[in-house]
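Student: Basically the numbering used here = 1-based index in the sequence shown + 833.
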Amino acid sequence: MEQHKIVSREEWLAAQRAHLVEEKAFTRARDALAKKRQALPWVKVDKTYTFDTPDGKKTLADLFAGRSQLIVYHFMLGPDWEQGCPGCSFLSDHIDGALVHLAHRDVTYVAISRAPLEKIEAFKKRMEWQFPWVSSFGSDFNYDFNVSFTPEQEAEGKVVYNFDTQDYACDELPGMSVFYKNDNGEIFRTFASYARGGEPLIGTYTLLDYVPKGRDEDENKMMGWLRHHDRYEDGVTGKSLAEGKEAAACCHSAAHK
């Protein structure tokens, strides 16, 4: 950083103005892409899915909680995992503050994992999160939406993920599904994203992109620095304690760039 170019105030202003042109073009392109996303065709969800929740069994329709739009985050927490994926946890640290605003735009947010509810509840309590989080344990939901994979798929070595056939990486992978429910109670899947598709939800990354060092990540280990928010060592930096399956196929691993 000591070798970075230093200029006069006039040159600095000229560079900032030139860069602003690109920033504005990116903003307009992002807005246009959002409109295309909202205009994508929908597919009807005909299958009935049931989830374990703190309030008992609920269907996918119930998860809308009286609203017409539902965002589901497919959180990586498998039945035999000891803790949630660090990358999914990083993203989820940014959710609670948005819930009240989403509710006032006719949107419900729910996280869904394949782990049993008691394991979800324990990890949610540890993380001190408030957003709804339910279990799809024992149902086909995660498999149907291509975020969980069977031992047979592991043996075969290939899975369908992010709209393509990929090498098997882990029994759980991250994603997001958006649903709409009409006045007749019909449910449609309107959008889906996987891997780095959830990155816009991570405000910390947006802030890091503003500073000179940026994300300061190893290209081949994109979240190697990351820890659950209650597991950082004292001081400015520290090594990640992420181990096991929850770290094997994180949302931002190099394999899913």
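We put the beta carbon where it would ideally sit given N, CA and C, even for glycine.
Taking M1009 as part of the beta strand (DSSP E), name the residues at either end of that continuous run.
Tutor: First-last of the beta strand (DSSP E) with M1009: 1008 to 1014.
Student: With H, G and I counted as helix, E and B as strand and the rest as coil, what does DSSP make of S968?
Tutor: Of the three classes helix, strand and coil, the one that applies to S968 here is strand, per DSSP.
Student: Quick check on P1007: buried or exposed, where buried means 16 or more other Cβ atoms within 10 Å of its Cβ?
Tutor: Per the 10 Å Cβ criterion, buried.
Student: Three-state secondary structure (DSSP) at V1069?
Tutor: With a pLDDT of 44 at V1069, under the threshold of 50, the predicted position of this residue should be treated as unreliable, and no value is reported.
Student: So, using beta-carbon positions, are G911 and R947 closer together than 7 Å?
Tutor: Cβ atoms of G911 and R947: closer than 7 Å.
Student: What first and last residue would you give for the beta strand (DSSP E) that runs through V993?
Tutor: 991 to 994 is the span of the beta strand (DSSP E), which, as asked, contains V993.
Student: What separation, rounded to the nearest whole angstrom, lies between the Cα atoms of A1088 and S1010?
Tutor: Because the pLDDT of A1088 is 48, which lies under 50, any placement of that residue in the model is unreliable, and the number read from its coordinates should be weighed accordingly. Going from the Cα of A1088 to the Cα of S1010 covers about 21 Å.
Student: Between V943 and D1042, what straight-line distance do the alpha-carbon atoms span, to the nearest angstrom?
Tutor: The straight-line gap from Cα to Cα measures roughly 28 Å.
Student: Should the stretch 1012 to 1023 be regarded as contacting the stretch 872 to 882, the criterion being three or more beta carbon pairs within less than 8 Å?
Tutor: Short answer: they touch.
Student: To the nearest angstrom, how far is the alpha carbon of T883 from that of G889?
Tutor: If you take the alpha carbons of T883 and G889, they lie about 10 Å apart.
Student: What does the alpha-carbon distance come out to for the pair A872 and L866?
Tutor: Rounded to whole angstroms, A872 to L866 spans 10 Å at the Cα level.
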